[in-house]
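Position one of the sequence shown corresponds to residue 148 (my numbering), numbered consecutively onward.
All C-beta atoms, glycine included, are put in the ideal place defined by N, C-alpha and C.
Values in this document were obtained by computation on a predicted structure and should not be read as measured data.
Inspection log for the structure reproduced underneath, given as C-alpha cells.
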Amino acid sequence: MRVLVTGSAGFIGAHVTARLLARGDEVIGFDNLNAYYDPDLKIARLEHFCRHNSYIDVRGDVADRSAVSELFRNHKIHRVVHLAAQAGVWHSITNPQIYVDSNIVGFGNILEGCRQGGVEHLVYASSSSVYGANARLPLSVHDNVDHPLSLYAASKKANELMAHTYSHLFQLPTTGLRFFTVYGPWGRPDMALFLFTRNILAGNPIDVFNNGNHSRGFTFIDDIAEGVIRVLERIPQPNKAWAGITPDPATSRASYRLYNIGGDSATPLMRYIELIEQALGRKARLNFLPLQQGDVLDTSADVDDLVRDVAFSPRTSLEVGIRKFVDWYKGYYRA
C-alpha cells in the first residue's frame with residue numbers, strides 16, 4: 148500500500164513508519180519539523196527510521212490547507228495514519244491558539260484530503276487525555292468523555308467528533324486511537340521519562356507533581372506501533388446494533404471506531420521513579436509539587452475492544468521498557 152504518515156518525524160510517527168517500510172509498504176511522510184522541541188532529534192529519527200527507497204519525504208504543515216490539498220493531489224494515497232499534532236497538555240494552557248490551528252484546523256484539512264482523495268481508511272491519534280474528569284477505572288471507550296481538563300484534550304475530543312461526521316456523511320472509514328502515556332527510545336524531551344532521566348543523570352532534582360500521588364497506564368512505543376499497524380489493516384464496519392436511544396460512543400452506524408491502546412494497570416508515579424532509579428543506578432532528588440493544572444489523576448486502559456477486534460494488547464513490561472529507554476538515552480546523548 149501507499150500510506151501517508153503525518154508527523155513522520157515524531158516519536159510515534161517514526162516508529163510506525165519504520166514498521167510500514169519493513170513490511171514493504173510505500174510511505175509518504177509529512178512533517179513540518181517544528182521547534183516545539185529539538186528539531187535535531189526529529190531529523191535524527193528520520194535518518195534512523197526512514198532512510199529507505201520506499202520513503203517519500205514531504206515537508207509541510209497540516210494547518211496549511213493548500214499544502215495538504217497539494218499532498219493528496221500529487222500522491223494516490225490508499226490509507227492514512229494521522230499523527231501530526233501539537234502535543235503536550237501543559238503547553239496548551241499557555242498557548243491555546245497553536246492547538247486550535249494544528250489539532251483542529253489541521254485535522255479538518257486531513258479529513259477533507261481523505262474525502263477528496265478516496266482514502267480507504269484514516270487512522271488518527273486521539274489521547275487518553277480525553278477522559279478528563281472521568282474517574283472510573285479502567286477507562287473505557289464506551290463511556291462518555293464530555294469533561295476535558297485541557298484544550299489539548301478538548302482538541303482530541305473534537306477530532307473524534309469531526310471524524311464521525313466524515314464517516315457518517317461521506318462514508319470515510321475512520322478509527323481513532325486513544326494512546327496512554329507513550330514512552331520508549333527516541334521519545335519526546337517534554338515527557339516525564341525523558342525529563343527524569345536527564346535530571347537524575349545531571350544530579351538535578353526532578354519535579355514530582357501532586358506529591359507523587361497519581362498513577363498512569365504506561366505504554367511502550369513498540370506496542371503502540373504494533374497496535375497502529377493492526378488497526379490500519381482493519382477497516383471499521385458499521386455497528387448494526389447501534390441505537391440512538393442508548394448511543395455507544397465507541398461505535399456508530401457509520402464506519403467509525405475508537406480504541407484504547409495502553410497499559411491496563413495503573414502504575415503509581417513513585418514506582419515509576421523507582422524503576423528509573425534502578426535502570427540508571429542512581430537515586431533521584433525529589434521536588435514535590437501540587438497537582439499541575441490540566442493534569443489527570445489516574446489512568447489505565449480498558450483494551451477489551453482492541454483484543455477482540457485485532458487480537459492485540461500491549462505486552463512490554465515497564466521494567467523492560469524503561470531499561471530500553473535508558474540504554475538508548477545513554478547512547479544517543481553519550482551520557
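Around the beta carbon of Tyr313, a 10 Å sphere encloses 16 or more other beta carbons of the protein chains shown; the residue is thus reported as buried. Under DSSP, the beta-bridge partners assigned to Thr322 are Val270, Arg404. An exposed status is given to His289, since fewer than 16 other beta-carbon atoms sit within 10 Å of its beta-carbon. Secondary structure at Pro437: coil, using DSSP grouped into helix, strand and coil. In this structure Phe341 is in contact with Gly334, their Cβ atoms being roughly 5 Å apart against a cut-off of 8 Å. Taking Thr414 as the centre and dropping the five residues before and after it, the same chain places the C-beta of Ser362, Arg363, Phe365, Leu465 closer than 7 Å to its C-beta, in chain order. In this structure, the straight-line span from the alpha carbon of Arg470 to that of Asp370 is close to 15 Å. For Arg206, there is no enclosing alpha helix (DSSP H); the residue is found in the beta strand (DSSP E) stretching over 202-206. For Ala156, the secondary structure class from DSSP, reduced to helix, strand or coil, is coil. A Cβ-Cβ distance of about 6 Å is found for the pair Gln439 and Trp237, placing them in contact under the 8 Å criterion. Assignment of Asp445 by DSSP, reduced to helix, strand and coil, places it in the strand class. When secondary structure is reduced to three states using DSSP, Thr312 falls in the helix class. Residue pairing of Val150 in beta bridges, as defined by DSSP: Val174, Arg226. In the DSSP assignment, Val378 falls outside any beta strand (DSSP E) and lies within the alpha helix (DSSP H) extending over 368-380. Nearest to Ser249 by C-alpha distance, out of Arg170, Leu319, Gly154, is Gly154. Straight through space, the alpha carbons of Thr328 and Phe219 are spaced by roughly 31 Å. Using a Cβ distance threshold of 8 Å, Ile382 and Glu259 do not count as a contacting pair.
For Asp452, no beta strand (DSSP E) encloses it; the enclosing alpha helix (DSSP H) starts and ends at 451-457. Within the same chain, Cβ atoms closer than 8 Å to the Cβ of Asn256 are found at Val209, Ala210, Asp211, Arg212, Val215, Ser216, the five residues on either side in sequence being excluded. Using a C-beta cut-off of 8 Å, the region 291-306 makes contact with the region 264-280, since at least three inter-stretch Cβ pairs fall below that distance. Straight through space, the alpha carbons of Ala165 and Leu193 are spaced by roughly 10 Å. Boundaries cannot be given for Ile392, as no beta strand (DSSP E) includes it and DSSP labels it neither H nor E.
Asp185 has no beta-bridge partner at all, per DSSP. Linking Ile190 to Phe343 through their CA atoms gives a straight-line distance of about 23 Å. Under a 10 Å Cβ-count criterion, Gly409 is classified as buried, with 16 or more other Cβ atoms of the shown protein chains found around its own Cβ.
When the Cα atoms are used, Val150 and Ala232 turn out to be separated by approximately 18 Å. For Asp354, the uninterrupted beta strand (DSSP E) segment begins and ends at 353-355.
Around the C-beta of Lys223, fewer than 16 other C-beta atoms lie within 10 Å, and the residue is accordingly described as exposed. Taking a contact as a CB-CB distance under 8 Å, the pair Ile353 and Asn434 counts as one, their CB atoms being some 7 Å apart.
Arg325 places its beta carbon less than 8 Å from that of Ser273. Non-local beta-carbon contacts of Tyr403 in its own chain, meaning distances under 7 Å to residues more than five positions away in sequence, involve Ala310, His311, Ser314, Thr321, Pro383 in chain order. Taking a 10 Å sphere around the C-beta of Glu307, we find 16 or more other C-beta atoms and assign the residue as buried.
Around the beta carbon of Arg226, 16 or more other beta carbons sit within 10 angstroms, so the residue counts as buried. Tyr184 and Arg283 have their alpha carbons spaced roughly 34 Å apart. Collapsing the DSSP output to three states places Ser460 in coil.
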